[in-house]
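For the sequence shown, position 267 (counting from the first letter as 1) is numbered 267 according to my numbering, and the numbering increases by one without interruption. Written out below as structure tokens is the structure these notes cover.
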Amino acid sequence: MSNGRFHGRTVIVTGGASGIGRATVRRFLDEGANVVAGDLNEANGLAMLEAWHADADRLRFLAGNVALENDIVALVSLATSTFGTLDVMFNNAGIGGAFGPITEVDVDAWDRTFEVLVRGVFLGTKHAARVMIPQGGGVIINTASVAGLAGGSGHTGYSAAKTAVVSITRSTAEELAPHRIRVNAVCPGVIFTPLAVGRDEEALGRIVSDLQPWPDRGTSEDIAAAVAFLASDDARFIVGESLLVDGGLLATGTRIHKNMDPYGATKRYTGFGAGSTGEVTTSRRIAPKE
1 MSNGRFHGRT VIVTGGASGI GRATVRRFLD EGANVVAGDL NEANGLAMLE AWHADADRLR
61 FLAGNVALEN DIVALVSLAT STFGTLDVMF NNAGIGGAFG PITEVDVDAW DRTFEVLVRG
121 VFLGTKHAAR VMIPQGGGVI INTASVAGLA GGSGHTGYSA AKTAVVSITR STAEELAPHR
181 IRVNAVCPGV IFTPLAVGRD EEALGRIVSD LQPWPDRGTS EDIAAAVAFL ASDDARFIVG
241 ESLLVDGGLL ATGTRIHKNM DPYGATKRYT GFGAGSTGEV TTSRRIAPKE
């Protein structure tokens, strides 16, 4: 698709080198935007630049950690110094985070989950708003999750962090709306990204077949399309919303709480899921109680 509705606009995508982020970078490029992608995984970012060298005039990449304020400042600075403006900030960087029974979750894994998923959104919003307020407006979009609306046994850290993202979205939407800055979130369901598949593709497939009413698997491109809509002028009156893109998963009601971990893995293991960041995914088996 190339209708150019974002021609001349500049977009930042964190976690932009794989999965939902990469698909969103591609979507905005196809629709005429200038895009600055940030990602912790430098190898993935450089590979993306090489693969899309035809877009070199409108695409930049910067390796960095969204949990570090200086890295976010550098990312925003790259966008404004290269393209002159920042029109859309997509706070998307994610990890699987802490998992396991609440009695076994490691404190460091819990803290790292919140550093990336919550502090990353806070910092991205803070520094995007510092540019957007004086320029007269903009759009901020955050990646939340169905887990932030429904929770799920064994993933308390991830669910709590994504609930915080929903709350940040609502609070900052109210604060920034008078400056003509729209803040919204997108809430993916089961999306077959490197982060998700790295956990348990078979389990995810069972969720789709048993719980999700829509028969097709969700893709990164489905989320990218929703983000592009929220960033567009067609969504000019949508403010403070958390848009579900889940194939009807939450329409199944409370069953999701009991079935998001079909094989009970989080009852037997605890650890930290890194996804595609280049960090190490760790886990340990929980000793059975005698």
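Beta carbons: idealized from backbone N, C-alpha and C, even for Gly. As the structure is a computational prediction, the values presented were derived from the model and not from experiment.
Taking the alpha carbon of residue i as the point to measure from, which residue in the options has its own alpha carbon closest?
i    : options                : result
G38  : E31, L68, E175, R9     : L68
R58  : T172, S81, I238, A93   : S81
G151 : G137, V166, G138       : V166
D111 : W214, A160, A228, P215 : A160
F90  : G240, V183, A98        : V183
E241 : F192, R22, I168        : I168
R5   : P101, N34, G64         : N34
L323 : M132, H53, T103        : Any question about residue 323 goes unanswered here, given that the chain covers just 1 to 290.
G253 : A98, P178, A147, A74   : A147
A109 : A98, K162, T219        : A98
S77  : I238, W214, W52, T10   : T10
W52  : R22, Q212, V118        : R22
Rounded C-beta distance between residue i and residue j? I'm assuming under 8 angstroms.
i    : j    : result
A224 : I20  : 7 angstroms
A17  : N41  : 6 angstroms
A144 : V186 : 7 angstroms
R180 : G137 : 3 angstroms
A226 : V245 : 5 angstroms
V116 : V66  : 6 angstroms
L230 : L243 : 7 angstroms
V118 : A164 : 5 angstroms
Taking just the CA atoms, how far does residue j sit from residue i?
i    : j    : result
S2   : I12  : Note that S2 has pLDDT 48, beneath the 50 cutoff, so the model's placement of it is unreliable and no number is given.
G15  : G247 : 23 angstroms
I140 : P134 : 15 angstroms
F61  : D210 : 39 angstroms
D216 : V208 : 8 angstroms
Y158 : G96  : 7 angstroms
L149 : H155 : 13 angstroms
G189 : A93  : 16 angstroms
F122 : R27  : 24 angstroms
A24  : P101 : Correcting the residue identity first, residue 24 is Thr in this sequence and not Ala. The straight-line gap from Cα to Cα measures roughly 34 angstroms.
T85  : A79  : 7 angstroms
D30  : A228 : 11 angstroms
F237 : A173 : 12 angstroms
G271 : T113 : 11 angstroms
G64  : A43  : 12 angstroms
S220 : W214 : 16 angstroms
S232 : T103 : 44 angstroms
T83  : R206 : Contrary to the premise, residue 83 reads as Phe rather than Thr in this sequence. Those two C-alpha atoms are separated by around 44 angstroms.
H7   : G32  : 4 angstroms
I191 : S153 : 19 angstroms
A74  : N142 : 19 angstroms
D222 : A54  : 24 angstroms
A235 : S171 : 19 angstroms
H257 : G218 : Summary for H257: the model assigns pLDDT 49, below 50, so the residue's position carries little reliability; its value from the coordinates is reported in the next sentence. Straight-line Cα distance between these residues: approximately 19 angstroms.
P178 : K162 : 25 angstroms
M212 : N70  : Reading the sequence as shown, one finds Gln at residue 212 and not Met. Spanning the two alpha carbons is a distance of roughly 40 angstroms.
Within the stretch 65 to 101, ranges of the beta strand (DSSP E) (whole runs, at least 3 residues): 88 to 91, 97 to 99
The stretch 118 to 128 touching the stretch 44 to 51, judged by at least three CB pairs closer than 8 angstroms: Short answer: they don't touch.
Start-end ranges of the beta strand (DSSP E) lying completely within the stretch 123 to 170, minimum 3 residues: 138 to 143
Completely contained beta strand (DSSP E) runs for the stretch 181 to 246, where each covers 3 or more residues: For the stretch 181 to 246, the full-length beta strand (DSSP E) segments reaching 3 residues or more read 181 to 188, 242 to 245 along the chain.
Complete runs of the beta strand (DSSP E) confined to the stretch 2 to 60 [at least 3 residues]: 10 to 14, 34 to 39
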